[in-house]
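*Asks:* Residue numbers (our numbering): 7 to 154.
Positions of the beta carbon are idealized from the N, C-alpha and C atoms, including for glycine.
These numbers come from a predicted model, not from an experiment.
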Amino acid sequence: MAQLDPYTSGSPGAVPREGQDNGESGGLSASRERLVKQLIQANLGGSLEVTALADACSLSRSHFSRAFKCSTGVSPQEWIHRQRIARAKELIRHSELSLIQIGLECGYCDQAHFCRSFTRSVGVPPLAWRSVVRDAPLPADSVTGTAP
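Here it is in structure tokens:
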């Protein structure tokens, strides 16, 4: 009978390696979650591949995606999308940038894609949202996209 390595076996007495999630929560360790969120924020304007985020955590893409969803409640793609929309709202409200500039800064390939995505998420097109938020200040939670 083969002897199990206590560092890799799934037994209750297994010893997690340093920096390795022990699997009890099924999510990312706090340090990995923090790292990934920092990477996403730092690269919102660029191409964000889930594979690259998984590599940064030394996890396979599928394991990373499951662990991220377990930790945050949403898939990595959805979390990235929400962060991009939150950043777009901030730029729309507090800058004079054009929609194409905002879209590109938030990681969208063109203005049409940005406008479709924004409208789908927020319920109104970005220009309409800009006129609303400039006429009447909104509570902080509606600007950041967080729920009460």
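Specify the secondary structure class of Val139 as computed by DSSP and reduced to three states.
*Replies:* It is helical.
*Asks:* Can you list, in chain order, the residues of its chain with a C-beta nearer than 8 Å to that of Cys121? Leave out the 5 residues immediately preceding and following it.
*Replies:* Correct list, in chain order: Leu105, Gly109, Pro131, Pro132.
*Asks:* Rounded to whole angstroms, what's the CA-CA distance from Ala92 to Ser137? Just pull it up for me.
*Replies:* Straight-line Cα distance between these residues: approximately 17 Å.
*Asks:* Taking Arg50 and Gly113 to be in contact with their CB atoms under 8 Å, please state how far apart those CB atoms are, rounded to whole angstroms.
*Replies:* The sequence shown places Leu at residue 50, not Arg. Contact flag correct, Cβ pair sits at about 5 Å.
*Asks:* Which word fits Arg126, buried or exposed, when buried means at least 16 other C-beta atoms lie within 10 angstroms of its C-beta?
*Replies:* By the 10 Å Cβ count, Arg126 comes out exposed.
*Asks:* Going by other Cβ atoms of all chains shown within 10 Å of its Cβ, with 16 needed for buried, is Gln89 buried or exposed?
*Replies:* Buried is the call here.
*Asks:* Which term fits Arg38, buried or exposed, when burial requires 16 or more other beta carbons within 10 angstroms of its beta carbon?
*Replies:* Counting Cβ neighbours within 10 Å, Arg38 comes out buried, since at least 16 surround it.
*Asks:* Please report the residue range of the alpha helix (DSSP H) in which Pro82 lies.
*Replies:* Here the alpha helix (DSSP H) through Pro82 covers 82–100.
*Asks:* Considering only their Cβ atoms, is the gap separating Leu34 from Ser64 smaller than 8 Å?
*Replies:* Going by C-beta atoms, Ser64 is not nearer than 8 Å to Leu34.
*Asks:* Can you tell me the Cα-Cα spacing of Ala36 and Ala73, whole angstroms?
*Replies:* Near 11 Å, if we compare the C-alpha coordinates of Ala73 and Ala36.
*Asks:* Helix, strand or coil: which one does DSSP assign to Leu65?
*Replies:* Note: Leu65 maps to coil in three-state DSSP.
*Asks:* Taking the beta carbon of Val42 as the centre, do at least 16 other beta carbons fall within 10 Å, making it buried, or is it exposed?
*Replies:* With 16 or more Cβ atoms within 10 Å of its Cβ, Val42 is classed as buried.
*Asks:* Among Leu54, Glu102, Ala62, Ile98, whose alpha-carbon lies nearest the alpha-carbon of His87?
*Replies:* Minimum Cα distance to His87 is reached at Leu54.
*Asks:* Using a 10 Å radius around the Cβ and a threshold of 16 neighbouring Cβ atoms, would you call Ala60 buried or exposed?
*Replies:* Buried, since its Cβ has 16 or more Cβ neighbours within 10 Å.
*Asks:* Considering only the alpha carbon of each residue, which of Ile98, Phe70, Arg40 lies closest to Asp141?
*Replies:* The shortest Cα separation from Asp141 among Ile98, Phe70, Arg40 belongs to Ile98.
*Asks:* Alpha carbon to alpha carbon, what distance is there between Ser71 and Lys95?
*Replies:* About 26 Å.
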